[in-house]
Amino acid sequence: MALWGDVDVKNGTGTVTTTTSSTTVNGANTLFTTELEVGQYITITDDSTGTEHQVRSITSNTVLELFAKPTEAESTKAFQITTKPSYDNENVVGMTSAEAGTIGAGPGWVKVTEGTGGRAGRVQYETLVAFGDHTKPSESANLDDATFGVITLATIADVSAASGTAETIQVVATTTNNVVPSYQWQLRTTGSYADLANGGVYGDVTTDTLAISSNAGLNGNRYRCVVSGAGATTVKSNGAKLIET
187 MALWGDVDVK NGTGTVTTTT SSTTVNGANT LFTTELEVGQ YITITDDSTG
237 TEHQVRSITS NTVLELFAKP TEAESTKAFQ ITTKPSYDNE NVVGMTSAEA
287 GTIGAGPGWV KVTEGTGGRA GRVQYETLVA FGDHTKPSES ANLDDATFGV
337 ITLATIADVS AASGTAETIQ VVATTTNNVV PSYQWQLRTT GSYADLANGG
387 VYGDVTTDTL AISSNAGLNG NRYRCVVSGA GATTVKSNGA KLIET
């Protein structure tokens, strides 16, 4: 068994002629409509490169079209027919049929897309496999941006007020691709930050605005917010210092 399943190879009837300037294959005494199907491959016996040519359409018993122009011209040569697991070039996610025909993509082909701008450093891999019919997304759709969102946080300023004053600390988050942000405020007195829970002087710890009913005894504490969302990388704000005056 081949890597992508059983492969059936048989000799074709008649001979074929190809040119390097056209995707058309002309046959002599051939039986294209009965021996071949769209998506199968033909290999010309005397083709020095042994290149497989995928069939895009069959016009008649003696005329068919390939996805890509042959790299060699052949005249009245014998050929073989290869059957592989079927797939639909028109429905390849992330690749147009023109791209598929140009590179001769087959099962197992991988397209690598590196992100730019806000997506820099992320790589998307798309693999062509054998499958049946499915709905094709718009070929102009940016699948990388459709899959991932970005959360951006504004800098939080330190807060300062007289001892015993009620305080609020707010984080402003902007997102892309309809990411819905979730919030968790954290406190650091010494050492590492730890999640806050509602209770005591603290409230609204899972919103964009932390409520502190009294700042008495909290001088020097630092507060930050961890913001997350489905399809986006979790980000953490800077630590805002609470100052009693």
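Going from the sequence shown to the numbering used here is simple: count from 1 and add 186. Virtual Cβ for every residue (Gly too), placed ideally from N, Cα, C.
Cα-Cα separation between residue i and residue j, rounded to whole angstroms
i, j, result
"D344", "K427", "5 Å"
"S208", "L252", "9 Å"
"D331", "T419", "Confidence is the limiting factor: at D331 the pLDDT is only 43, short of 50, which leaves the residue's position unreliable, though a coordinate-based value still follows. Using only the alpha carbons, I get a separation of about 13 Å."
"S283", "E238", "Because the pLDDT at S283 is just 47, under 50, the model does not fix this residue reliably, and the point stays unresolved."
"V202", "I337", "58 Å"
"S346", "Y388", "17 Å"
Residue from the options whose Cα sits closest to the Cα of residue i
i, options, result
"T361", "G415, S243, C411, Y379", "G415"
"K196", "T229, A397, N384", "T229"
"L339", "N212, V412, E221", "V412"
"Y227", "L382, T206, E430, A254", "A254"
"G335", "G417, G350, S261", "G417"
Status (buried if at least 16 other CB within 10 Å, exposed otherwise) for residue i
i, result
"E223", "exposed"
"N405", "exposed"
"N364", "exposed"
"L217", "exposed"
"S423", "buried"
In DSSP terms, what residue i is bridged to
i, result
"S368", "S414"
"S346", "I429"
"A214", "T201"
Distance CB(residue i)-CB(residue j) smaller than 8 Å
i, j, result
"Y409", "G386", "no"
"A161", "S399", "Past the edges of the chain, shown from 187 to 431, lies residue 161, and the structure says nothing about it."
"G213", "T257", "no"
"T204", "A264", "no"
"Q266", "G198", "yes"
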